[in-house]
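Each residue of the sequence shown is one higher than the one before, counting from 1 in the numbering used here. Don't be surprised by glycine CBs; every beta carbon is placed ideally from N, CA and C. Take a look at the structure set out below.
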Amino acid sequence: MSDIKNINTTCFEDQRPGTSGLRKKVSVFQQPHYLENFIQSLFNTLEGLPEKLQGKTLVLGGDGRFHNRKAIQVIVKMAAANGLKRLLIGKGGLLSTPAVSCLIRKHQTLGGIVLSASHNPGGPKADFGIKYNISNGGPAPEKITEALYQQTLSLQQYKILDAPNIDLDQLGEQNIGSLCVEIIDPVEDYANMMEAIFDFEKIRNMISQGFRLSFDAMHAITGPYANEILVNRLGANPQSIINGIPLTDFGGGHPDPSLDHAKELAAQMFTEDAPDFGAASDGDGDRNMILGKNFFISPSDSLAILTANAQLVPAYRDGLSGVARSMPTSQAVDLVADALDIPCFETPTGWKFFGNLLDSNKITLCGEESFGNGSNHIREKDGLWAVLFWLNIIASRGQNPEQICRSHWKQFGRHYYTRHDYEALDTDIADIIVSSLRQQLNTLTGNSYAERRVCLSDEFSYTDPVDHSISSQQGIRICFEDSARIIFRLSGTGTSGATLRIYIEAYEENHDKHDLDTQFVLKSLIETANELSGVQLHSKRDTPSAIT
Ligand code: VG1
Ligand code: CO
1 MSDIKNINTT
11 CFEDQRPGTS
21 GLRKKVSVFQ
31 QPHYLENFIQ
41 SLFNTLEGLP
51 EKLQGKTLVL
61 GGDGRFHNRK
71 AIQVIVKMAA
81 ANGLKRLLIG
91 KGGLLSTPAV
101 SCLIRKHQTL
111 GGIVLSASHN
121 PGGPKADFGI
131 KYNISNGGPA
141 PEKITEALYQ
151 QTLSLQQYKI
161 LDAPNIDLDQ
171 LGEQNIGSLC
181 VEIIDPVEDY
191 ANMMEAIFDF
201 EKIRNMISQG
211 FRLSFDAMHA
221 ITGPYANEIL
231 VNRLGANPQS
241 IINGIPLTDF
251 GGGHPDPSLD
261 HAKELAAQMF
271 TEDAPDFGAA
281 SDGDGDRNMI
291 LGKNFFISPS
301 DSLAILTANA
311 QLVPAYRDGL
321 SGVARSMPTS
331 QAVDLVADAL
341 DIPCFETPTG
351 WKFFGNLLDS
361 NKITLCGEES
371 FGNGSNHIRE
381 KDGLWAVLFW
391 LNIIASRGQN
401 PEQICRSHWK
411 QFGRHYYTRH
421 DYEALDTDIA
431 DIIVSSLRQQ
441 LNTLTGNSYA
451 ERRVCLSDEF
461 SYTDPVDHSI
471 SSQQGIRICF
481 EDSARIIFRL
491 SGTGTSGATL
501 RIYIEAYEEN
511 HDKHDLDTQF
521 VLKSLIETAN
531 ELSGVQLHSK
541 RDTPSAIT
């Protein structure tokens with residue numbers, strides 16, 4: 001029996017999706033009708049679009065964090081009451097973000113719902129999140145998330161079927177009202193896709209000849225995927241997967257693939273006896289960190305290196321149509337695109353901006369400084385894909401990650417790069433910092449800071465080359481004549497206060513200077529960034545909360 005529940009939405013004024021969906025504390029999601037308000041608003045928005053919701057199929061799954069199973073049961077009953085025909089759900093309620101994108105495309109569904117707060121911690125006191133992906137497999141564009149948000153403000157009632165819970169652990173079909181729920185293997189379609197892209201035989205040979213790797217799944221979603229792909233299909237030692245079992249609180253950790261958070265992996269990789277290759281992924285499996293023996297590959301360099309070596313991978317053998325990077329990502333890939341004579345696009349932060357470029361075949365590869373890369377195989381960034389890409393390059397070139405990176409710098413020069421985050425700032429203070437930067441913008445050009453002349457200072461605005469939609473206020477940038485840059489933007493994924501991200505980059509062509517310490521090389525630019533923004537003064541902090 002379908003129930004209609006009346007609600008008062010005035011207490012749900014904060015359901016505007018951010019960079020990557022709606023993210024809140026679990027306790028916020030646990031409020032009566034909170035999740036329902038968001039899901040019904042999503043369904044109403046979709047029903048109002050030409051594609052319509054009724055009679056359609058959606059993919060549904062999450063990264064296994066606390067509240068995942070409960071939320072899935074609610075969404076299933078609401079899907080049944082709202083006239084959906086079919087749901088494809090990963091066994092145990094598990095699906096990585098890239099796997100959802102893969103399934104949407106393979107089964108040509110209307111879209112998919114991912115339950116994840118990505119790299120944010122999980123557990124009863126931590127974070128939960130929801131994002132919606134459209135039929136191309138990519139994150140919903142702003143026009144959908146904005147319409148959804150407007151719905152959340154005025155929704156008066158939602159529909160839910162009064163029915164028992166479904167069994168999330170039983171493969172196969174179950175019916176609930178007129179809805180058919182199919183519980184599927186979360187890994188298989190995705191693993192098959194990886195096998196069709198990369199030269200598995202070459203990687204398998206390399207591993208069988210003694211190549212050692214370590215992959216840190218951080219007790220998040222990628223454990224089962226890494227086991228199937230790296231161990232079962234590529235022959236890696238089962239012990240090369242660390243923290244491989246998904247836990248609802250990620251073992252108390254922060255599933256962020258950085259040297260700070262992937263501590264166990266970092267400890268393994270920076271020793272005498274380190275494996276040849278190390279990698280980690282985040283909560284929902286869409287990001288990656290790549291390490292060599294005692295060697296860190298910066299994510300911006302990783303994008304440039306993948307681009308330069310793409311033709312070693314079977315799926316990209318015929319070359320790339322173009323590449324894209326988010327604005328704060330270093331300009332390393334621009335130089336490679338130049339050399340390959342392919343276009344290079346600069347988009348705002350967030351994966352949704354790559355969708356149109358990929359759909360119209362303007363680009364084949366894309367990436368962000370925040371440890372995310374991807375390609376036209378799906379419409380999300382993809383952690384394990386990047387790991388396999390690196391393994392494919394290493395196996396083809398017969399060189400280790402450090403050698404590959406150093407020869408890249410030798411050919412193209414090195415972009416020193418760092419990001420300083422000031423997390424959980426008071427929102428008023430963050431606003432003061434940003435508006436004071438805005439006010440200074442037209443006074444900077446032509447002046448010199450850190451012994452460099454400013455050639456451009458503006459607030460980044462993006463016009464989508466395909467649908468011509470405009471996204472403004474996407475970060476404040478100060479560009480120097482020697483191609484150094486300082487960029488400021490506020491994070492759209494945090495759940496407490498505001499996070500100011502400061503991105504700093506300088507280019508060094510002379511390869512005698514490629515071995516210096518990054519923070520040392522960027523010191524004067526860092527000081528300039530601190531002075532211009534007054535971040536330390538306003539926040540009364542003398543160091544960033546995180547340095548990448
Ligand atoms: C951060 C990153 C951005 C990334 C986003 C989602 O956003 O900077 O590059 O796309 O997280 O990644 P923000 O607004 O906090 O800077 V994930 O792994 O959460 O899907
Ligand atoms: Co993620």
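Near K202, what residues of its chain come up, given a Cβ to Cβ distance below 8 Å and the 5 sequence neighbours on each side ignored? Same-chain partners within the cutoff: N392, A395, S396.
Going by DSSP in three states, P224 sits in which element: helix, strand or coil? DSSP places P224 in helix when its eight states are reduced to three.
What would DSSP say about N288, mapped onto helix, strand or coil? Looking at N288 - three-state DSSP - the assignment turns out to be strand.
Could you tell me whether the stretch 92-104 touches the stretch 46-66, where touching means 3 or more Cβ pairs closer than 8 Å? They touch, by the three-pair rule.
Are the beta-carbon atoms of I476 and L437 separated by less than 8 Å? In contact: I476 and L437 (Cβ atoms closer than 8 Å).
Would DSSP call K410 helix, strand or coil? DSSP places K410 in helix when its eight states are reduced to three.
Look up T45 in the DSSP assignment and say whether it is helix, strand or coil. T45 carries a helical assignment under DSSP once its states are collapsed to helix, strand and coil.
Which runs of the beta strand (DSSP E) at least 3 residues long sit entirely within the stretch 214-285? Give them in chain order. If we require 3 residues or more, the beta strand (DSSP E) runs fully inside the stretch 214-285 come out as 277-281.
Close-in-space but distant-in-sequence residues of the same chain around L335 (CB under 6 Å, 5 per side omitted): For L335, the CB contacts under 6 Å within the same chain, skipping 5 residues up- and downstream, are F412 in chain order.
Might you give, ordered along the chain, the residues of its own chain that have their beta carbon closer than 7 Å to the beta carbon of P544, omitting 5 neighbours on each side? In the same chain as P544, and ignoring 5 residues on each side of it, the C-beta atoms closer than 7 Å to its own belong to H420, D421, Y422, in chain order.
Between the C-alpha atoms of R501 and S208, what's the straight-line distance to the nearest angstrom? About 43 Å.
Residues in the same chain with beta-carbon distance under 8 Å from Y416, minus the five sequence neighbours each way, listed in chain order, please. Exclusion of the five residues before and after Y416 leaves E505, A506, Y507, E508, L516, T518, V521, L522 as the residues of its chain whose Cβ lies within less than 8 Å of its Cβ.
beta-carbon G283 near the ligand CO non-hydrogen atom, thresh 7 Å: True, at least one ligand heavy atom lies under 7 Å from that Cβ.
Which one or two residues does DSSP pair with C344 in a beta bridge? In the DSSP assignment, C344 is bridged to V323.
To the nearest angstrom, how far is the alpha carbon of T463 from that of L291? Between the C-alpha atoms of T463 and L291 there is a straight-line separation of about 35 Å.
L355 (DSSP reduced to helix, strand or coil): Checking the displayed sequence, the identity of residue 355 turns out to be Gly instead of Leu. Collapsing the DSSP output to three states places G355 in a helix.
Would the C-beta of S118 count as close to the ligand CO, meaning under 7 Å from any of its heavy atoms? Indeed, a heavy atom of the ligand CO lies less than 7 Å from the Cβ.
Contact under 8 Å by Cβ, N288 with P257: The answer is yes: Cβ separation under 8 Å.
How is V466 classed by DSSP in three states: helix, strand or coil? Three-state result, V466: coil.
Please report the residue range of the beta strand (DSSP E) in which T57 lies. It spans 57-62 - the beta strand (DSSP E) in which T57 sits, taken as one unbroken run.
For the stretch 429-448 against the stretch 242-252, are there 3 or more C-beta pairs whose distance is under 8 Å? Between the stretch 429-448 and the stretch 242-252, the count of C-beta pairs closer than 8 Å stays below three; the two stretches do not touch.
By a C-beta neighbour count over all protein chains shown, 10 Å radius and 16 as the cutoff for buried, is P186 buried or exposed? P186 should be labelled buried.
For a test of the three-state rule: what should DSSP assign to V454, helix, strand or coil? DSSP, read as helix, strand or coil, puts V454 in strand.
Please classify A217 as buried or exposed, where buried requires at least 16 other C-beta atoms within 10 Å of its C-beta. Within a 10 Å sphere around the beta-carbon of A217 sit 16 or more other beta-carbons, which makes this residue buried.
According to DSSP, is P121 helix, strand or coil? In the structure shown, P121 sits in coil (DSSP, three-state: anything other than H, G, I, E or B).
Could you tell me which residues DSSP puts in a beta bridge with V28? Answer is none; V28 lacks a bridge partner.
Specify the secondary structure class of D512 as computed by DSSP and reduced to three states. It is helical.
Where does the unbroken alpha helix (DSSP H) through S545 begin, and where does it stop? Here S545 belongs to no alpha helix (DSSP H), and DSSP marks it neither H nor E.
Would you call D127 buried or exposed, if buried means 16 or more other Cβ atoms sit within 10 Å of its Cβ? Classification of D127: buried, given that the 10 Å Cβ count is 16 or more.
Where do the N-terminal and C-terminal ends of the alpha helix (DSSP H) with I130 fall, by residue? Segment 127-133 is the beta strand (DSSP E) holding I130; no alpha helix (DSSP H) there.
In the DSSP assignment, what are the bridge partners of D3? For D3, which the question treats as bridged, DSSP gives the partners I160.
Classify R379: buried if its beta carbon has 16 or more other beta carbons within 10 angstroms, exposed otherwise. Burial of R379 is indicated by the presence of at least 16 other C-beta atoms within 10 angstroms of its C-beta.
What are the boundary residues of the alpha helix (DSSP H) that includes N551? The question about residue 551 has no answer here: the residues shown for the chain are numbered 1 through 548.
CB of S505 to nearest heavy atom of the ligand VG1: below 7 Å? With the sequence shown as reference, residue 505 is identified as Glu, and Ser is not the correct amino acid for it. Checking the Cβ of E505 against the ligand VG1 gives no.
Rounded straight-line distance, which links the Cα of A140 to that of A308: Approximately 30 Å between the Cα atoms of the pair.
Cβ of T445 within 7 Å of any heavy atom in the ligand CO? Short note on T445: C-beta not closer than 7 Å to any heavy atom of the ligand CO.
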